[in-house]
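Have a look at the structure below before the remarks.
Number of protein chains: 2
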Amino acid sequence: MRRLPVPTREAATIEIVAEQAGVSAKTVSRVINNERGVRTETRERVLAAIEKLDYQPNLAARGLAGARSFLIGLFYDNPGDYLSEFQTGAVQRCRESNLHLMVEPLDAADPDLARAVSTLIRQLRLEGVILLPPLSDLPEVRATLAAAGIPAVHIAPMHRQDDAPSVDTDDRAAARELTDALIERGHRRIGFMLGRAGHRATEQRYLGFADAMHAHGLAVDPKLVQTGNFEFTEGLECARSILSNPERPTAIFASNDDMGAAAVCVARQMDIALPQQLSIVGFDDAPVATMIWPQLSTVRQPVRSMGRVAADLIIQHKPHLRGWPQPMPRPHLDLDVILRGSIAAAPTDAA
Amino acid sequence: MRRLPVPTREAATIEIVAEQAGVSAKTVSRVINNERGVRTETRERVLAAIEKLDYQPNLAARGLAGARSFLIGLFYDNPGDYLSEFQTGAVQRCRESNLHLMVEPLDAADPDLARAVSTLIRQLRLEGVILLPPLSDLPEVRATLAAAGIPAVHIAPMHRQDDAPSVDTDDRAAARELTDALIERGHRRIGFMLGRAGHRATEQRYLGFADAMHAHGLAVDPKLVQTGNFEFTEGLECARSILSNPERPTAIFASNDDMGAAAVCVARQMDIALPQQLSIVGFDDAPVATMIWPQLSTVRQPVRSMGRVAADLIIQHKPHLRGWPQPMPRPHLDLDVILRGSIAAAPTDAA
DNA sequence: AAATGAATTGTCAACGCTGTCAATCGGCGC
DNA sequence: GCGCCGATTGACAGCGTTGACAATTCATTT
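Chains A and B are the protein sequences, given in the same order. Going by the numbering used here, the first sequence opens with residue 22, and the numbers climb by one from there. Going by the numbering used here, the second sequence opens with residue 22, and the numbers climb by one from there.
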């Protein structure tokens with residue numbers, strides 16, 4: 022005997038359920054796994070027994086016997102405010118398929134990163150991994166995963182990989198739309214604050230901006246385009262530089278809300294009336310967007326949906342079907358443009 | 022044969038390691054689990070074999086055989102920006118003990134919450150659970166956990182439970198210290214924006230404020246104390262109410278940064294010079310605190326440490342030692358008061 | 001009614017590890 | 001050198017489930 026004679030009722034096992042339903046354990050297993058080849062009447066009897074006994078299959082046993090883990094990994098560095106939203110979406114999708122999400126922080130700068138990843142995937146026997154940026158762009162992470170034959174989904178990578186799906190948002194279209202909103206209001210000279218160099222988002226948002234300008238026959242003045250890094254502090258510099266231009270723009274497009282907030286600060290310090298003398302737009306709909314005055318017009322990322330979609334891709338991946346479907350799935354999610362108080366008609370003397 | 026004749030080298034098992042080290046599987050198991058009663062020389066031989074074969078014990082098998090899961094749950098509702106920090110700390114602590122964290126979103130308003138919790142803990146065989154607010158205050162969650170005999174740690178609960186440890190921060194002391202900073206600068210009339218009624222933080226922060234006022238022989242004017250709910254929007258109302266008082270205060274203490282940011286907005290709209298005519302302080306050191314101008318003086322919560330400590334409590338919980346140590350551990354973590362540009366000397370005419 | 005074959009169900013071993021308990025080893029006292 | 005005892009080590013079953021494959025059932029066909 023291994024167990025103490027505890028009075029507590031032990032958790033039901035598949036064997037108990039089988040007995041209750043008058044079938045073999047294997048049949049119960051079939052029902053649990055939704056396999057075909059079980060007579061409807063039998064299935065219902067088993068289901069009833071499961072219900073009655075409040076049976077929960079033992080994950081560890083299932084994993085051990087079936088050589089799988091029912092676990093998907095979500096690897097991240099830099100916990101940001103979007104992480105929790107993203108993981109919530111991913112967990113929701115996992116639950117629909119009775120899987121679980123293992124959220125694992127990793128240090129992108131760790132020289133031993135490959136080993137850390139390897140340990141994780143082998144210890145947990147992960148069935149798939151979702152890589153949040155910047156991990157989605159680290160060759161050693163991708164290589165380790167690939168070597169282990171573990172399907173990986175890259176979220177908003179800078180560079181797409183041919184052998185792995187990625188989930189992106191259509192930043193370019195949204196940036197274009199947001200810029201249109203400024204142009205419609207009479208703005209002609211518009212400053213632009215770039216994000217960190219090398220990021221896909223940086224490029225796409227700028228391209229969308231440029232698209233809109235060109236579509237309206239407007240030139241982009243290079244002196245009004247400054248490189249930031251998505252951070253507030255750096256944003257202050259950019260904004261100062263843009264706003265101290267002799268020919269001051271009437272609007273600024275910041276590549277994210279943090280930098281947009283920075284522009285708001287600088288404008289205040291320079292006694293520029295907002296939004297009358299200067300319209301400002303951001304990107305991401307971060308909490309800060311609605312916590313400053315005027316509230317930033319921005320673009321909302323469907324972060325939770327991205328989590329869902331990413332998990333879904335992993336779940337759809339069927340090893341026996343030679344891996345990923347072709348062409349490689351690259352879902353692009355639509356963004357919502359949100360117009361708030363930070364934009365107004367361009368000052369008439371500048372129109 | 023269950024396995025296909027795959028050419029890939031199979032992952033090493035305990036049996037392979039045993040063979041390599043010239044011992045039995047059981048001895049390898051002893052080494053892995055750090056049990057005593059293994060000769061040093063033998064242990065080293067086993068360790069060498071593990072190293073050489075790059076062996077990773079199979080979690081599922083360990084769990085199944087040992088009737089444990091190596092899994093700790095982190096249950097949350099309302100993913101906030103602090104969640105990712107918290108979970109990062111918890112994961113770090115878990116890794117030190119070779120455990121894993123299952124992060125599970127739950128809906129506090131779900132009428133079937135108890136069942137959801139029950140399913141989770143039984144399916145995953147969780148060894149312990151960390152409850153983030155507001156889950157830490159839901160009786161049905163606590164009861165379900167208790168009935169299953171699963172140790173739970175409550176994070177910043179409104180109401181402490183006798184049978185479970187909680188992790189708190191000393192909000193009261195920090196609020197007092199922050200208020201002192203205002204009083205030192207000559208402020209006498211100070212407004213206060215309360216958080217959501219019923220929250221422990223709401224109460225503690227106010228008490229700390231009141232402590233400081235009384236310690237300096239200052240009265241708290243009830244007309245300057247407004248109830249908010251920790252949210253920006255509601256904060257706007259509170260701030261308007263406080264600032265439209267005929268005898269305007271020279272400083273405002275907001276119970277969190279979101280409401281502090283709201284106060285900044287309102288002051289701007291009312292053309293009150295910041296920080297010359299009005300000092301504002303917040304709480305939490307949220308991102309927004311440094312994204313507005315002037316930057317908010319505030320208090321930083323050691324969120325990551327709280328995650329570490331919470332996981333540590335679960336790990337320390339030894340079922341065979343009759344559960345929790347007595348007295349019930351209630352770690353209180355210190356907060357950091359951060360003074361920034363949002364506070365200045367009180368206007369002289371008001372001193 | 002017997003034969004046929006597809007559909008359904010069951011048997012049994014194995015997944016990789018740990019608990020129980022028995023076997024072996026090594027040192028010490030006499 | 002022998003016996004004894006504690007320290008090490010090993011043999012073996014079993015954790016709860018699933019894969020492979022065998023057995024059974026049942027509706028058809030002839």
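Glycine residues also receive a C-beta, built at the ideal position from the N, C-alpha and C atoms. Note that the structure is a prediction, hence the values are computed from the model and not measured.
Just confirm the distance between the C-beta atoms of leucine 203 of chain B and valine 358 of chain B, as a whole number of angstroms; I'd bet it's less than 8 Å.
Their Cβ separation, rounded to whole angstroms, is 11 Å, which puts leucine 203 of chain B and valine 358 of chain B out of contact at 8 Å.
In angstroms with no decimal places, state the Cα-to-Cα distance between valine 49 of chain B and alanine 86 of chain A.
22 Å
Grouping DSSP H, G and I as helix and E and B as strand, with all else coil, what is tyrosine 76 of chain A?
coil
Quick one: Cα of histidine 208 of chain A to Cα of aspartate 102 of chain B, how far?
35 Å
Neighbourhood of arginine 51 of chain A by C-beta, 6 Å cutoff - its chain only, sequence neighbours within 5 removed
Val59
Of the choices B:Thr34, B:His121, B:Leu153 and B:Asp183, whose alpha-carbon is the least far from that of methionine 349 of chain B?
B:Asp183
Can you give me the start and stop residues for the alpha helix (DSSP H) that valine 112 of chain A sits inside?
102-117
In the segment 230-263 of chain A, which residues sit with their C-beta less than 7 Å from some C-beta in chain B, listed in chain order?
Phe253
Which residue's Cα is closest to the Cα of proline 315 of chain B: B:Ile176, B:Phe213 and B:Ile293?
B:Ile293
Chain-ordered chain A contacts of alanine 32 of chain B [CB-CB under 9 Å]
Arg143 and Arg146
Which one or two residues does DSSP pair with methionine 214 of chain A in a beta bridge?
A:Gln247 and A:Ala275
Once you ignore the five residues that flank arginine 116 of chain B on each side, which residues in its own chain have a CB closer than 6 Å to its CB?
none
Would you verify that the beta carbon of serine 300 of chain B is, or is not, closer than 8 Å to some beta carbon of chain A?
no
Between which two residues does the alpha helix (DSSP H) harbouring threonine 223 of chain B extend?
221-236
Alanine 173 of chain B by DSSP, collapsed to three states: which one?
strand
For the segment 109-130 of chain A, list every residue whose C-beta sits within 8 Å of some C-beta in chain B, in sequence order.
Thr109, Val112, Gln113, His121, Leu122, Met123, Val124, Glu125 and Pro126
Arginine 23 of chain B (DSSP reduced to helix, strand or coil):
With a pLDDT of only 35 at arginine 23 of chain B, under the threshold of 50, the placement of this residue in the model should not be trusted; the figure read from the coordinates follows. Arginine 23 of chain B falls in the coil class under three-state DSSP.
Rounded to whole angstroms, how far is the Cβ of isoleucine 93 of chain B from the Cβ of glutamate 148 of chain B, which I believe are closer than 8 Å?
6 Å
Isoleucine 35 of chain A at chain B interface by Cβ criterion, 8 Å:
no
Proximal residues to lysine 244 of chain A (C-beta, below 7 Å), its chain only, five neighbours per side dropped:
Asn266
Inter-stretch contact at 8 Å, needing at least 3 Cβ pairs: the segment 272-281 of chain B / the segment 208-219 of chain B
yes
Looking at isoleucine 263 of chain B and leucine 299 of chain B, is the spacing between their C-beta atoms short of 8 Å?
no
Would you verify that the beta carbon of isoleucine 171 of chain B is, or is not, closer than 8 Å to some beta carbon of chain A?
no
Does the segment 162-173 of chain A come within contact of the segment 128-146 of chain A, defined as at least 3 CB pairs closer than 8 Å?
yes
Presumed contact (8 Å Cβ cut-off) between alanine 275 of chain A and valine 302 of chain A, rounded CB distance:
7 Å
Could you check if asparagine 55 of chain A is buried or exposed, using at least 16 other CB atoms within 10 Å of its CB as the buried criterion?
exposed
Straight-line Cα distance separating aspartate 192 of chain A from leucine 356 of chain A
7 Å
Could you give the DSSP three-state label for proline 126 of chain A: helix, strand or coil?
strand
Chain A partners of glutamine 297 of chain B, CB-CB under 9 Å?
Result: empty, since nearest Cβ-Cβ is about 14 Å, beyond 9 Å.
Note down the Cα distance separating valine 38 of chain A from isoleucine 71 of chain A, rounded to an integer number of angstroms.
6 Å
Would you mind reading off the limits of the alpha helix (DSSP H) that contains glycine 256 of chain B?
253-264
Check for me: the alpha helix (DSSP H) holding valine 44 of chain B runs from which residue to which?
Where valine 44 of chain B is concerned, there is no enclosing alpha helix (DSSP H), given that its DSSP letter is neither H nor E.
Under 8 Å between C-beta atoms, does methionine 327 of chain B make it to chain A?
no
If the cut is a Cβ gap below 7 Å, which residues of chain A does threonine 140 of chain B touch?
Gln77
Keeping to the same chain, check which residues put their C-beta closer than 7 Å to that of arginine 321 of chain A; ignore five residues upstream and five downstream.
Asp306, Leu356, Asp357 and Ile359
With DSSP run on the structure shown, which of helix, strand or coil describes isoleucine 2 of chain A?
Absent from the model: residue 2 of chain A. The displayed extent of chain A is 22 to 372, so no value can be given.
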